[in-house]
Amino acid sequence: GAGVSQSPSNKVTEKGKDVELRCDPISGHTALYWYRQSLGQGLEFLIYFQGNSAPDKSGLPSDRFSAERTGGSVSTLTIQRTQQEDSAVYLCASSSQGGGNQPQHFGDGTRLSIL
Amino acid sequence: GENVEQHPSTLSVQEGDSAVIKCTYSDSASNYFPWYKQELGKRPQLIIDIRSNVGEKKDQRIAVTLNKTAKHFSLHITETQPEDSAVYFCAASRPDYKLSFGAGTTVTVRA
């Protein structure tokens, strides 16, 4: 079946604008994760959704970042009043169950550039 | 929470030689240890994983070993090839919590 799908693949915007990034997980996967990866760096955890539980937002770097997951499927990551340091690749991953013990399947990411 | 440390951060090997990447973890309750490979500009992809009920797992040229007592696990790549050049991430998790990733190892295979 289809893998994790992210859109847009690239986004260029001006500093101060809001952006929305979309993630479509693998069908049936209950867990969804957002990560940020700056150039040449590792995977920075942002937020984790599992079923109907309250999301784990412990990785969000500031209150300009928020995420929603509607109907237990598609997720949107929103960054308000973007700053140049927000430039990075934003990766989404899903897994068949929440918590650990299950492989995460990653999307191709959204490359965000803030001018 | 879980803390995963990964060494080395960069590794250069001659084609045909072996490469070894080591990770340590802090939470003794962790029982799942996957390894991901990320080629330049691509998504991370799972290459092998191991669970705490086994000490070693092998898949062709790739093997992972786990020492639960010492809380460390390692990735071994034998007979390295140019296509093995990538960033490798280890990770660890307990059943009721999310994966924690290491900082990554950039592997370069010299022809």
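Here the protein sequences line up with chains A and B, keeping their order.
Just so you know, the first sequence maps onto residues 9 to 123 in my numbering.
Just so you know, the second sequence maps onto residues 764 to 874 in my numbering.
Even for Gly, the Cβ is constructed at its ideal location relative to N, Cα and C.
Exercise. What residues from chain B crowd round A:D64, counting only those whose CB sits closer than 8 Å?
Worked result: Taking the first residue of the first sequence as position 1, residue 64 of chain A is located at position 56. Going along chain B in sequence order, the residues near A:D64 (Cβ under 8 Å) are K861.
For this session: Return the residue from the list B:R814, B:V850 and B:L838 that minimises the CA-CA distance to B:P858.
Result: Looking up residue 858 of chain B in the second sequence gives position 95. Relative to B:P858, the option among B:R814, B:V850 and B:L838 whose CA is nearest is B:R814.
Problem set entry | Own chain, CB closer than 6 Å to A:N109, minus 5 neighbours either side, in chain order | Taking the first sequence and counting its residues from 1, the one referred to as residue 109 of chain A is at position 101. Within the same chain, no Cβ atom closer than 6 Å to the Cβ of A:N109 is found once the five residues on either side in sequence are excluded.
For this session: Measure the CB-CB distance between A:V27 and A:H113 and report whether it falls below 8 Å.
Result: As a working note, residue 27 of chain A is residue 19 in the first sequence. As a working note, residue 113 of chain A is residue 105 in the first sequence. Cβ distance not < 8 Å, so A:V27 and A:H113 don't count as in contact.
Exercise. Who pairs with B:R814 in a beta bridge, going by DSSP?
Worked result: Taking the first residue of the second sequence as 1, we reach residue 814 of chain B at position 51. In DSSP, B:R814 forms a bridge with B:Y795.
For this session: State whether the stretch 71-90 of chain A contacts the stretch 777-787 of chain B, with contact taken as three or more CB pairs (one from each stretch) at a distance under 8 Å.
Result: No, the stretch 71-90 of chain A is not in contact with the stretch 777-787 of chain B.
Exercise. Using the beta-carbon count (16 or more within 10 Å), is B:T868 buried or exposed?
Worked result: Along the second sequence, one-based indexing puts residue 868 of chain B at 105. B:T868 should be labelled buried.
Exercise. Using a C-beta cutoff of 8 Å, does A:G117 count as contacting chain B?
Worked result: Numbered from its first residue, the first sequence carries residue 117 of chain A at position 109. A:G117 belongs to the set of residues whose beta carbon lies under 8 Å from a beta carbon in chain B.
Problem set entry | Residues bridged to B:K800 [DSSP beta-bridge criterion] | Stepping through the second sequence from its first residue, residue 800 of chain B is reached at position 37. Beta-bridge pairing links B:K800 to B:Q808 and B:Y851.
Problem set entry | Same chain, Cβ closer than 6 Å to A:D64, five either side skipped, listed in chain order | For the purposes of this step, residue 64 of chain A is identified with residue 56 of the first sequence, where counting begins at 1. For A:D64, where only same-chain residues beyond five positions count, the Cβ hits under 6 Å are Y56.
Problem set entry | For B:E819, the three-state DSSP class (helix, strand or coil) | Mapped onto the second sequence, residue 819 of chain B falls at position 56. DSSP places B:E819 in strand when its eight states are reduced to three.
Exercise. How is A:D26 classed by DSSP in three states: helix, strand or coil?
Worked result: By 1-based counting over the first sequence, the position of residue 26 of chain A is 18. Here A:D26 sits in coil by DSSP.
Exercise. Using DSSP with H/G/I as helix, E/B as strand and the rest coil, what is A:Q92?
Worked result: As a position in the first sequence, residue 92 of chain A is number 84, starting the count at 1. In the three-state scheme derived from DSSP, where H, G and I count as helix and E and B as strand, A:Q92 is classed as helix.
Exercise. B:F836 CB to nearest chain A CB: under 8 Å?
Worked result: The count along the second sequence starts at 1 and reaches residue 836 of chain B at position 73. Cβ-Cβ to chain A under 8 Å: no for B:F836.
Exercise. Quick one: which chain A residues come within Cβ less than 9 Å of B:N816?
Worked result: Numbered from its first residue, the second sequence carries residue 816 of chain B at position 53. Within chain A, not a single residue places a beta-carbon under 9 Å from that of B:N816; the smallest gap is close to 12 Å.
For this session: Determine the closest residue to B:L774 out of B:H835, B:I840 and B:L862, with distance taken between C-alpha atoms.
Result: Working through the second sequence from its first residue, we reach residue 774 of chain B at position 11. When only C-alpha atoms are compared, the closest one is B:I840.
Exercise. Is the Cβ of B:L809 closer than 8 Å to any Cβ of chain A?
Worked result: Position 46 of the second sequence, counting from 1, holds the residue named residue 809 of chain B. With 8 Å as the cut-off, B:L809 counts as an interface residue toward chain A.
For this session: Have a look at B:P807 and B:Q801 and give me their C-alpha separation to the nearest angstrom.
Result: Here residue 807 of chain B refers to the residue found at position 44 when the second sequence is read from its first residue. Here residue 801 of chain B refers to the residue found at position 38 when the second sequence is read from its first residue. Near 4 Å, if we compare the C-alpha coordinates of B:Q801 and B:P807.
Exercise. Is the CB of A:Q112 under 8 Å away from at least one CB in chain B?
Worked result: Counting from 1 along the first sequence, the entry for residue 112 of chain A is found at position 104. At least one chain B Cβ lies under 8 Å of A:Q112.
Exercise. Exposed or buried, which one is B:G865 when buried takes at least 16 other CB atoms within 10 Å?
Worked result: By 1-based counting over the second sequence, the position of residue 865 of chain B is 102. B:G865 comes out buried.
Exercise. Where does A:T78 sit, in a helix, a strand or coil, going by DSSP?
Worked result: Here residue 78 of chain A refers to the residue found at position 70 when the first sequence is read from its first residue. A:T78: helix per DSSP, three-state reduction.
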